[in-house]
Amino acid sequence: MRRCLPLGEKLEAELAEEKSSDIRNDGSIVGKSVVRVDAWDKVSGKAQYVDDIPFPGCWYGGTVRSDVPHGKIVGIRQDPSFDWSKVVFVTAKDLPGPNEVAMVRRDMPILAKDIVNYVSEPIALIAAPSKALLKAALKAVKVEIEPLEPVFTIEEALSGENIIWGEDNVLAKFEVNKGNAEEAFNEADIIIEETYRTGHQEQLYLEPQGMVVLPRDDGGIEVIGSLQCPYYIHSAMTHAFMLPPEKVVIKQAVTGGGFGGKEDFPSLLAIHAAVLALKAKRPVKIIYDRAEDMVSTTKRHPSRIRHRTGVKKDGTIVAQDIDLVLDGGAYTTLSIVVLQRSLLHATGCYNTPNAHVSAKVVATNTPPNGAFRGFGAPQSIFAMERQMDKIARTLGLSP
């Protein structure tokens, strides 16, 4: 008779049995299901996410943020009634290296120094030995900001009336031509035009952003966090702290989802935790709550995509002219690469002998946008498929 097992042992036994049954006598697993190597640890609760890992002597880190979308920092006031000797307080002037996050482009500051460019932009950092003390310290800081005119939309950015980035608010632009679209439009029986838009989209991973940094005795840094791209963080850390590669170690903890949201942003978060850890001379952990995560981290790029399509009466496409614009937010992050992918997918899966596609990503006074599954392609495919639906309806064809 088979004995009754506790639930945990039963699940473990079932997983082991499933795994062994999926391996053929010759040892091959071709054509069989493969059991996830982390399945048992996750369903049993054994898996340790970054906030589950104990670090003796660890302090808690938090961020002082901008509450305006665009403005000039006039002053940072620390309440004199608060005992600041009990915490660590850091602003841009305390950074040990360049005030920039090394990504595709180095335009995003680690901490805003003179100008803030979006609501929730980091201005100062605090570390404390308890969450209660950290909360009190964050409330004891007031940032005086002189508001400046913000840019919120793609249209406002393209107008050039208010320049917030570079000379024209354009973070990047590309253009692709195939055949001769303008001449080919003369061969079309009908030309159909429409503009399509998509908005921000939150990755909504189950585990919010989290990072722990441990200062090493040799002057190096060890980073443990919820992340997707350890080499991105390694590059950003060596640049920010002017350290040789061997002095920076990046370890990915069990990660509760990412979907691109933990590809670029963790570089900034790791630097924040490291600045505090080095000043406090002890491990520092920064774990966002859901509200802070959603307000301050990267999202899918909003888009405005204009289609002009020339077709024959039977639905054959003879020419496409597409103007694609993405909203990159306040800084570049991975927008250049996202724009390239969006451009390459602009005409969808359809045979198009003649096409002209222009693509731009512009800056706005919103949190920087970044990686998200599809990496720019979903915006383009959505617009292309909606355009095909409109073409089908116009021609009386089934979409």
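Residue numbers (our numbering): 112 to 510.
We put the beta carbon where it would ideally sit given N, CA and C, even for glycine.
What first and last residue would you give for the alpha helix (DSSP H) that runs through residue 267?
265-270
Three or more beta-carbon pairs under 8 Å between the stretch 425-445 and the stretch 455-475, yes or no?
yes
Going residue by residue through the stretch 291-334, where are the continuous alpha helix (DSSP H) segments of at least 4 residues, counting only ones entirely within it?
292-295
For residue 438, name the three-state secondary structure that DSSP assigns.
strand
Keeping to the same chain, check which residues put their C-beta closer than 8 Å to that of residue 498; ignore five residues upstream and five downstream.
303, 305, 307, 418 and 420
Report yes if the C-beta distance between residue 292 and residue 467 is below 8 Å; otherwise report no.
yes
C-beta atoms of residue 314 and residue 371 nearer than 8 Å:
yes
Top-ranked residue by Cα proximity to residue 456, from 445, 416 and 422
416
At the level of alpha carbons, what is the spacing between residue 400 and residue 495?
37 Å
Let me know the alpha helix (DSSP H) ranges lying completely inside the stretch 391-479, each 4 residues or longer, listed in chain order.
401-407 and 446-455
In whole angstroms, what is the alpha-carbon distance linking residue 224 and residue 200?
15 Å
Distance CB(residue 335)-CB(residue 221) smaller than 8 Å
no
Separation of residue 426 from residue 491, as counted between CA atoms
20 Å
For the alpha helix (DSSP H) holding residue 284, just list the boundary residues, first then last.
That residue, residue 284, is in no alpha helix (DSSP H); its beta strand (DSSP E) goes 281-289.
Any idea if residue 353 is buried or exposed, counting beta-carbon neighbours within 10 angstroms, 16 or more meaning buried?
exposed
What whole-angstrom Cβ distance do residue 323 and residue 166 have, given they're in contact under 8 Å?
6 Å
Which residue from 267, 392, 448 and 396 puts its Cα closest to that of residue 380?
396
When DSSP builds the beta bridges, which residues end up paired with residue 201?
236
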